[in-house]
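There are 2 protein chains.
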Amino acid sequence: MVEKRNPIPVTEAIERVMKYAREGEVETVRLEEAYGRYLAEDLRADHDVPPFDRSPYDGFAIRAADSAQAKLDHPVEFEVIETIGAGQVAAKTVQPFQAVRIMTGAQIPDGCDAVVMLELAKQYERDGKTYMSIKRPFQPGDNISFQGEDAKKGDVLVPKGTFINPGVQALLATFGYAEVKVARKPRIGIFATGSELLDVAEPLIPGKIRNSNAYMIQAQAIRSGAEPVYFGKLADDIDICFAAIQKALPQVDFLITTGGVSVGDYDYLPAIYERLGAEVLFNKVAMRPGSVTTVAQLDGKLLFGLSGNPSACYVGYELFVRPVVRTRLFSPKPYLRKATATLMADFPKPNPFTRFVRSYVTVENGQLTAAPVGMDKSNIVTSLAKANALMVLPGGTRGFAKGDTVDVWLLEDEEGSDI
Amino acid sequence: MVEKRNPIPVTEAIERVMKYAREGEVETVRLEEAYGRYLAEDLRADHDVPPFDRSPYDGFAIRAADSAQAKLDHPVEFEVIETIGAGQVAAKTVQPFQAVRIMTGAQIPDGCDAVVMLELAKQYERDGKTYMSIKRPFQPGDNISFQGEDAKKGDVLVPKGTFINPGVQALLATFGYAEVKVARKPRIGIFATGSELLDVAEPLIPGKIRNSNAYMIQAQAIRSGAEPVYFGKLADDIDICFAAIQKALPQVDFLITTGGVSVGDYDYLPAIYERLGAEVLFNKVAMRPGSVTTVAQLDGKLLFGLSGNPSACYVGYELFVRPVVRTRLFSPKPYLRKATATLMADFPKPNPFTRFVRSYVTVENGQLTAAPVGMDKSNIVTSLAKANALMVLPGGTRGFAKGDTVDVWLLEDEEGSDI
Numbered sequence: 001m002v003e004k005r006n007p008i009p010v011t012e013a014i015e016r017v018m019k020y021a022r023e024g025e026v027e028t029v030r031l032e033e034a035y036g037r038y039l040a041e042d043l044r045a046d047h048d049v050p051p052f053d054r055s056p057y058d059g060f061a062i063r064a065a066d067s068a069q070a071k072l073d074h075p076v077e078f079e080v081i082e083t084i085g086a087g088q089v090a091a092k093t094v095q096p097f098q099a100v101r102i103m104t105g106a107q108i109p110d111g112c113d114a115v116v117m118l119e120l121a122k123q124y125e126r127d128g129k130t131y132m133s134i135k136r137p138f139q140p141g142d143n144i145s146f147q148g149e150d151a152k153k154g155d156v157l158v159p160k161g162t163f164i165n166p167g168v169q170a171l172l173a174t175f176g177y178a179e180v181k182v183a184r185k186p187r188i189g190i191f192a193t194g195s196e197l198l199d200v201a202e203p204l205i206p207g208k209i210r211n212s213n214a215y216m217i218q219a220q221a222i223r224s225g226a227e228p229v230y231f232g233k234l235a236d237d238i239d240i241c242f243a244a245i246q247k248a249l250p251q252v253d254f255l256i257t258t259g260g261v262s263v264g265d266y267d268y269l270p271a272i273y274e275r276l277g278a279e280v281l282f283n284k285v286a287m288r289p290g291s292v293t294t295v296a297q298l299d300g301k302l303l304f305g306l307s308g309n310p311s312a313c314y315v316g317y318e319l320f321v322r323p324v325v326r327t328r329l330f331s332p333k334p335y336l337r338k339a340t341a342t343l344m345a346d347f348p349k350p351n352p353f354t355r356f357v358r359s360y361v362t363v364e365n366g367q368l369t370a371a372p373v374g375m376d377k378s379n380i381v382t383s384l385a386k387a388n389a390l391m392v393l394p395g396g397t398r399g400f401a402k403g404d405t406v407d408v409w410l411l412e413d414e415e416g417s418d419i
Numbered sequence: 001m002v003e004k005r006n007p008i009p010v011t012e013a014i015e016r017v018m019k020y021a022r023e024g025e026v027e028t029v030r031l032e033e034a035y036g037r038y039l040a041e042d043l044r045a046d047h048d049v050p051p052f053d054r055s056p057y058d059g060f061a062i063r064a065a066d067s068a069q070a071k072l073d074h075p076v077e078f079e080v081i082e083t084i085g086a087g088q089v090a091a092k093t094v095q096p097f098q099a100v101r102i103m104t105g106a107q108i109p110d111g112c113d114a115v116v117m118l119e120l121a122k123q124y125e126r127d128g129k130t131y132m133s134i135k136r137p138f139q140p141g142d143n144i145s146f147q148g149e150d151a152k153k154g155d156v157l158v159p160k161g162t163f164i165n166p167g168v169q170a171l172l173a174t175f176g177y178a179e180v181k182v183a184r185k186p187r188i189g190i191f192a193t194g195s196e197l198l199d200v201a202e203p204l205i206p207g208k209i210r211n212s213n214a215y216m217i218q219a220q221a222i223r224s225g226a227e228p229v230y231f232g233k234l235a236d237d238i239d240i241c242f243a244a245i246q247k248a249l250p251q252v253d254f255l256i257t258t259g260g261v262s263v264g265d266y267d268y269l270p271a272i273y274e275r276l277g278a279e280v281l282f283n284k285v286a287m288r289p290g291s292v293t294t295v296a297q298l299d300g301k302l303l304f305g306l307s308g309n310p311s312a313c314y315v316g317y318e319l320f321v322r323p324v325v326r327t328r329l330f331s332p333k334p335y336l337r338k339a340t341a342t343l344m345a346d347f348p349k350p351n352p353f354t355r356f357v358r359s360y361v362t363v364e365n366g367q368l369t370a371a372p373v374g375m376d377k378s379n380i381v382t383s384l385a386k387a388n389a390l391m392v393l394p395g396g397t398r399g400f401a402k403g404d405t406v407d408v409w410l411l412e413d414e415e416g417s418d419i
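In the order they appear, the protein sequences are chains E and A.
With full-length UniProt numbering, the residue at position 309 of the first sequence is 309, and numbering never jumps.
With full-length UniProt numbering, the residue at position 94 of the second sequence is 94, and numbering never jumps.
Here is the structure:
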């Protein structure tokens, strides 16, 4: 138990947490349920793509050599001996100056080595037979999609840890993944503390506020790929808190409490960590908001004591919880994606500690821009709705002006960052 | 029924579809289930924020006037008559030179008009009473968060049609939305056509490919906010197709078929639209891939005939289906978000028609960059997995060079665009 609160740098705090990050477990889901999950194994081609030489167009498959003499004033005629659609295979073998009418996607018939596009051929009937003629020569390989030109059997097409988007879903189908191994969603237990908290359905009464952090954190948990388990609201009573937390811990992969970590007379979390025998990794971070964020570990299980202040709670989740969640999801890039942007408004406040400003990032003329949303008072919940990034203003800086380049960490992004 | 296929510009095709776009229906969900849905009504403040004057710090509430004479060499002493935590209301009324010990978030006691931060006060006991002293004066209003300074009761904080992100979720909780009115997810029926299609679990056999479009489209439907209903695979038989489509139509808001819209001999969709009595809005678009994309309407219900080619199918969904889905979700910005980016590779192909190139967009030094993913042959499925944008190269252009500025439409984005 740390007695005195020594603020540590944000990067060091994240490192202390990430020492306890580990890869998660694998579960199998049906392909229809895979969208939005994370691959728990590499996606490999189970066959060449295309799986056979095929036609990319509607047209006629021919032996290219037969077309060598074709000119504008000297059409060459082919007998059309068969028609094959996608999914069909030619039954006959072409002889010289014979052709097969072929649909997009169909397999090139044996003996053929080029495809004439429909619009370049003239088709006609004569004596009950079908013919077509062309006025230019074709080379072997013309208009053929060759077996394996997109991917070879065994190639890793998408690495483990990747978010399954619609394109990955298409690949899973193409390569026969009727069932998909995905990362099990880590379960995050959530407690809200504070006797000032009302349930959402309760009418407001003097001195009380509705419990918003628990709902916000549940949504952040889902966004990050986890499964939230809300255990409810705890009163400001240390024995009740301790018993509830002790009971909840075995049911979850991580535990979050909001509130109760400050230096107020009703902030019991430090005492609870001590009673649990948990090791406090830090209880003060040189950052705004969220300086009182406390993280502890018990037998390798992380307990996150986030601030009761909504903005600090929000930032605490994204900085400390998200990367351990993404590591469970096998992501090699568990951190928020980082970029630089042009600041669109003055931000005159000095930054004694690293400041995370809820911001709105967009693109103007190809350039990323960032602007703080709302006033940056840490008790203002309204600005959270518009934020899609955290602007990171380093500690020790004296304020920033419109036009300055600033670091931004992107919140609505599946790609992430490895640092 | 359009007999001859006249390609129309992409923008006109989108306009013809959007004539049939309309707002959707409202359903009520519990707050816990609201994340990821779309607001079907404006989110309004049901009370002032803060709801009362409150302390942003741990400290002492005082009457500022009493501190007027405080100086470094002349501390002013206050008797601490009470302690209140967040959620508590002071029971006593302060008299001159009395103070109340107050926690972060607690209501300012009647009569007090300033808060002294804990670290600026010296606290001590004398004769069984508690005192504190300060060495500087405070002004009325110092360190008070005033009622309504963040939001006034009745203010629209988030407009109808907004995606519910974690911040919006927090606002919903704060303003008592235990139940939330959200847009009902439109149901999109999906059929895959083509006898060349194997089920995902089937082994590959010559001439056949696995059905990937149906799974890809289901994921795209979910990403856009809709609920996919997969009706399975249709054989290349017009009567079977017709009966299945006729039966499915009443069960869904939109119907998508993939394949069967080309000019091949097995492309039945045009005939099916005719037999249904549906009006074909267009059956050829001046674009690559997806020029054969066909859209029809029957009694105002849209039927999307997307290409069987995976890339064309993918693009067709994002261009034509997504905006009608987002309109159902009350979004005022139903189209893909647009931006400009610096092209990071040569793209020498001429563009007789508008070309949509699957691309990867990222940020380098604050600048949006775009690069095509994979070769842009429309039968290559592997590149879809990496694409997070469509690069839009206008028809009539002769190719683009590295460093050129290009238009990009962003695929992984909840914000959208109004044009």
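Yeah, the Cβ is synthetic: ideal placement off N, Cα and C, and Gly gets one too.
Measure the alpha-carbon distance for residue i versus residue j and round it to whole angstroms.
{"i": "residue 240/E", "j": "residue 234/E", "result": "7 Å"}
{"i": "residue 245/E", "j": "residue 15/E", "result": "25 Å"}
{"i": "residue 92/A", "j": "residue 84/A", "result": "11 Å"}
{"i": "residue 378/E", "j": "residue 224/A", "result": "Here the model assigns residue 378/E a pLDDT of 43, short of 50, so the residue's position is not dependable, and the following value carries that caveat. When rounded, the distance between both Cα atoms is 33 Å."}
{"i": "residue 99/E", "j": "residue 21/A", "result": "47 Å"}
{"i": "residue 405/A", "j": "residue 418/E", "result": "29 Å"}
{"i": "residue 237/A", "j": "residue 268/A", "result": "8 Å"}
{"i": "residue 59/E", "j": "residue 124/E", "result": "14 Å"}
{"i": "residue 151/E", "j": "residue 39/E", "result": "19 Å"}
{"i": "residue 420/E", "j": "residue 136/E", "result": "What is shown of chain E runs 1 to 419, which leaves residue 420/E out entirely."}
{"i": "residue 338/E", "j": "residue 409/E", "result": "5 Å"}
{"i": "residue 75/E", "j": "residue 87/E", "result": "31 Å"}
{"i": "residue 117/A", "j": "residue 131/A", "result": "15 Å"}
{"i": "residue 165/A", "j": "residue 222/E", "result": "10 Å"}
{"i": "residue 148/E", "j": "residue 374/A", "result": "14 Å"}
{"i": "residue 1/E", "j": "residue 70/A", "result": "Caution applies to residue 1/E, whose pLDDT of 39 falls short of 50 and renders its modelled position unreliable; the value that the coordinates give is listed next. Approximately 38 Å between the Cα atoms of the pair."}
{"i": "residue 77/E", "j": "residue 320/A", "result": "42 Å"}
{"i": "residue 206/E", "j": "residue 323/E", "result": "38 Å"}
Can you say whether residue i is buried or exposed, counting buried as having 16 or more other CB atoms within 10 angstroms of its CB?
{"i": "residue 126/A", "result": "exposed"}
{"i": "residue 425/E", "result": "This structure does not reach residue 425/E, given that chain E is present from 1 up to 419, and the question cannot be answered."}
{"i": "residue 209/A", "result": "buried"}
{"i": "residue 68/A", "result": "exposed"}
{"i": "residue 376/E", "result": "For residue 376/E, the pLDDT reaches just 47, beneath the cut-off of 50, and the residue's location in the model is therefore unreliable, although a value from the coordinates is still provided. Buried: at least 16 other Cβ atoms inside 10 Å."}
{"i": "residue 356/E", "result": "buried"}
{"i": "residue 47/E", "result": "buried"}
{"i": "residue 243/E", "result": "exposed"}
{"i": "residue 139/A", "result": "exposed"}
{"i": "residue 146/A", "result": "exposed"}
{"i": "residue 403/E", "result": "exposed"}
{"i": "residue 365/A", "result": "exposed"}
{"i": "residue 400/E", "result": "buried"}
Could you tell me which residues DSSP pairs with residue i in its beta bridges?
{"i": "residue 417/A", "result": "335/A"}
{"i": "residue 296/E", "result": "280/E and 303/E"}
{"i": "residue 181/A", "result": "28/A"}
{"i": "residue 242/E", "result": "Looking at the DSSP assignment, residue 242/E forms no beta bridge with any residue, so it has no partner."}
Among the options, which residue has its Cα nearest to the Cα of residue i?
{"i": "residue 155/A", "options": "122/A, 42/A and 181/A", "result": "42/A"}
{"i": "residue 163/A", "options": "359/A, 330/A and 343/A", "result": "330/A"}
{"i": "residue 342/A", "options": "226/A, 363/A, 255/A and 333/A", "result": "363/A"}
{"i": "residue 272/E", "options": "298/E, 287/E, 290/E and 81/E", "result": "298/E"}
How do the stretch 26–39 of chain A and the stretch 343–352 of chain A stand: do at least 3 beta-carbon pairs fall below 8 Å, yes or no? no
Are the stretch 392–401 of chain A and the stretch 340–350 of chain A in contact at 8 Å, needing three or more beta carbon pairs? yes
Mind the definition here: the stretch 214–230 of chain E touches the stretch 162–179 of chain A only if three or more C-beta pairs lie below 8 Å; say whether that holds. yes
If we count Cβ pairs, one from each stretch, closer than 8 Å, do we get three or more for the stretch 47–64 of chain E versus the stretch 180–195 of chain E? no
Using 8 Å as the Cβ pair cut-off and three pairs as the minimum, do the stretch 279–288 of chain A and the stretch 247–258 of chain A touch? no
When you compare the stretch 200–207 of chain E with the stretch 174–191 of chain E, are there three or more beta-carbon pairs, one atom per stretch, that lie closer than 8 Å? no
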